[in-house]
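Protein chains in written order, with our numbering: chain A, 98 to 451; chain B, 1121 to 1345.
Quick reminder that beta carbons are idealized off the backbone N, C-alpha and C, glycines included.
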Amino acid sequence: MKAAFTYHAGKFTLDAAFTAPDKGFTALFGPSGSGKTTALRLIAGLIRAPDGYFEVNGHVWQDETPGIFVPPHRRRIGYVFQDSRLFGHLTVRGNLDYGYRRARERRLAPDQVIGQLDLGELLERYPAQLSGGQKQRVGIARALLSSPELMLFDEPLASLDDEGKREILAVLERLHDRLEIPAIYVSHSVEEVGRLADTIALISEGRVTACGPAGEIATRLDLPLARDEGALAIVSAVVESHDDAYGLTYLAFPGGIITAPRWRLPPGSPARVGIHARDVSLALSRPEGISLLNVFPGVVKGVAPVGPSSALVSVAVGDGAVLLSRVTRKSVDALALAPGRHLYAMVKGVALAR
Amino acid sequence: MAPPDFTPVWLTLKLAAVSTIILLFIGAPLAWWLARTRGRLRAPVEALVALPLVLPPTVLGFYLLVALGPQGIIGGPLAALGIESFAFSFTGLVAGSVLFSLPFVVKPLQSSFEAVDAGVIEAAQTLGAGPVDRFFSIILPIAKPGIIAGAVMGFAHTVGEFGVALMIGGNIPGKTQVVSIAIYNHVAALDYGAAHILSLGLVVFSFLTLLAVSLASRAGSPWRP
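This is how it looks when you write it as structure tokens:
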């Protein structure tokens, strides 16, 4: 997909352009007020930029040079709103049917989606009788049943409580594995982006400042994701084998073998592993006699101070895999950490794997 | 005591029915526009629509009579086209009633349209609903209690109106003599019995109407427990 918009609203100017693959989740990540939602609305066609351009899967939805602008109701989008925006005068079933009946090509059966999102019990209820998480599940199902070519998520967890957040994040992770169409996911949460994004576009003050594969963008020390408190590195791995005696799973990645708690995927499946910067310690020689199982040799790529006492170190482990480590500035000096330094990265915990 | 002539009753009901239908067709787009626009025209148009609420009906009826007369700004061109003047006719009566009852229909419609969340309309848009589809599948069902209230108020207000009817319709039995005027005539003729029957009828009718509106507005939103 390819997007380019210049849009003025009062004092705010959005001047955003990015290109992303037509598959997987592309996260638009940035602080509130940076223009993420405006960008999403421009993509949906809910607002029109006078010289905008957008194409997905080879379909041009907007190209103002020859004057092409497909109105939103003719774009095949599945828009999941932060506030669900269910139709209050219709039951859950009525809401699900709304998009389904209007879909030009039906690729999903309602029963299938109702089953996957566990909505069977709720079908006869009205939106006012649902919890926040349930509403959002209905919103996602409604969008999916309109058989879109592109899913758009506008901070779908932002208005939920912690329990709702967990519920919907799990739904989205399962969806991510099954979804055959691309999705754009707007968020300002490092956690969500780390768990869902395949591609990340960073937005700041109305501009896209960086765009690329999630693993790369998340570990660049000059970009805000790595500097966040919850920063994490994302590495692609393959499930190697399971160790039922100890309840463990071994995952192969370019830096070696990651040992993780028993994971549900069968051997051979691709997995995505997130490793938080705060869970990685560094040592100059291979540590002996320690309880940690995940120790990988690597080379320092970069060092950047964050805050008065901490520093971030990015470490290349194997071909293309980069880990982040959050250490004290004192340690940076004591270990003489600088680009090119060989060392060992010790991973205390694998945050998540998918 | 002779039984009163019920012709004015039928005439009144016919007038109210025709006026209500016209009021809904004019009032709905006007109310929609007032509910959605932020333009500069909004305030003056809103004030204009609300004028009949404060003006004596005779003022409105008088100007309408002048406008519809053979030399008036509406009656003149019509006369030139060979169309009979609306003044002192049922058509004129309808025109007067529509103008006079407009705020009573537009106000409830406007507030029910304002209550339709723009975000929900956008959601329908992203789900493939075009403008007409959105109006019938989202806006109309959500605004239904307000539309019913508006229609009932328009009907009831037309039934009870006197000044405009007298000015524009005159007092022609069987043609423009509505209930309120008939009551006035009966009283003027000291026929209190006939006046009582028609008056009591109006009181009961008005009470039942307001009761229905009140019940409908409560039952109108079953999805909000």
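Taking Cβ-Cβ distances shorter than 7 Å, what residues in chain B pair up with residue i?
i	result
residue 196(A)	1247, 1248
residue 265(A)	The premise fails here: residue 265(A) is roughly 17 Å from chain B at the closest Cβ pair, so nothing lies under 7 Å.
residue 169(A)	1245, 1246
Express the C-alpha separation of residue j and residue i in angstroms, rounding to a whole number.
i	j	result
residue 446(A)	residue 372(A)	7 Å
residue 101(A)	residue 1180(B)	57 Å
residue 1345(B)	residue 1157(B)	Note that residue 1345(B) scores 37 on pLDDT, short of 50, meaning its location in the model is unreliable; the coordinates nonetheless yield the value given after this. So the alpha carbons of these two residues sit roughly 31 Å apart.
residue 1129(B)	residue 1256(B)	35 Å
residue 435(A)	residue 180(A)	46 Å
residue 182(A)	residue 266(A)	19 Å
residue 368(A)	residue 336(A)	7 Å
residue 1155(B)	residue 1276(B)	24 Å
residue 1324(B)	residue 1306(B)	19 Å
residue 116(A)	residue 1266(B)	47 Å
residue 195(A)	residue 239(A)	8 Å
residue 1136(B)	residue 1227(B)	18 Å
residue 1212(B)	residue 1278(B)	13 Å
residue 217(A)	residue 211(A)	6 Å
residue 105(A)	residue 304(A)	12 Å
residue 440(A)	residue 297(A)	29 Å
residue 145(A)	residue 1234(B)	24 Å
residue 244(A)	residue 204(A)	6 Å
Give a yes or no on whether the minimum CB-CB distance between residue i and chain B is below 8 Å.
i	result
residue 156(A)	no
residue 190(A)	no
residue 182(A)	yes
residue 234(A)	no
residue 243(A)	yes
Could you tell me whether any Cβ in chain A is nearer than 8 Å to the Cβ of residue i?
i	result
residue 1262(B)	yes
residue 1258(B)	yes
residue 1321(B)	no
residue 1243(B)	yes
residue 1290(B)	no
residue 1283(B)	no
residue 1240(B)	yes
residue 1121(B)	Low confidence applies here, because residue 1121(B) scores a pLDDT of 49, under 50, leaving its location unreliable and the question unanswered by this model.
Name the chain B residues that come within less than 8 Å of residue i, Cβ to Cβ?
i	result
residue 473(A)	The displayed coordinates of chain A run from 98 to 451. Any statement about residue 473(A) would go beyond what the structure contains.
residue 174(A)	1246
Going along chain B in order, which residues have a C-beta closer than 9 Å to the C-beta of residue i?
i	result
residue 102(A)	Simply none; closest approach about 18 Å.
residue 441(A)	The premise fails here: residue 441(A) is roughly 50 Å from chain B at the closest Cβ pair, so nothing lies under 9 Å.
residue 239(A)	1243, 1247
residue 178(A)	1239, 1242, 1243, 1246
What are the residues that DSSP puts in a beta bridge with residue i?
i	result
residue 1227(B)	Answer is none; residue 1227(B) lacks a bridge partner.
residue 425(A)	407(A)
residue 1334(B)	Answer by DSSP bridge pairing: none, since residue 1334(B) is not bridged.
residue 395(A)	440(A)
residue 184(A)	Beta-bridge pairing links residue 184(A) to no other residue.
residue 1277(B)	Answer is none; residue 1277(B) lacks a bridge partner.
residue 260(A)	Paired residues: none, contrary to the question.
residue 299(A)	126(A), 307(A)
residue 159(A)	151(A), 166(A)
Practice item. Compile a chain-ordered list of the residues in the region 1166–1198 of chain B whose CB is closer than 7 Å to at least one CB of chain A. Key: Against chain A - using a Cβ distance shorter than 7 Å - the region 1166–1198 of chain B contributes no residues.
Point to revise | Chain-ordered residues of the region 195–215 of chain A with a beta carbon less than 7 Å from chain B | key: Within the region 195–215 of chain A, the residues whose Cβ lies closer than 7 Å to some Cβ of chain B are 195, 196, 199, 200, listed in chain order.
Practice item. Report the residues of the region 132–153 of chain A with a CB closer than 9 Å to any CB of chain E, ordered along the chain. Key: The chain labelled as chain E is not found among the protein chains of the depicted structure, namely A and B.
**Study point:** Cβ-based contacts, 9 Å cut-off: residues of the region 1294–1324 of chain B near chain A
**Key:** Listed by position, the residues of the region 1294–1324 of chain B near chain A (Cβ gap below 9 Å) amount to none.
Review point. Quick one, which residues of the region 275–288 of chain A are near chain B if we go by CB-CB under 7 Å, in chain order?
Key: The residues in question: there are none.
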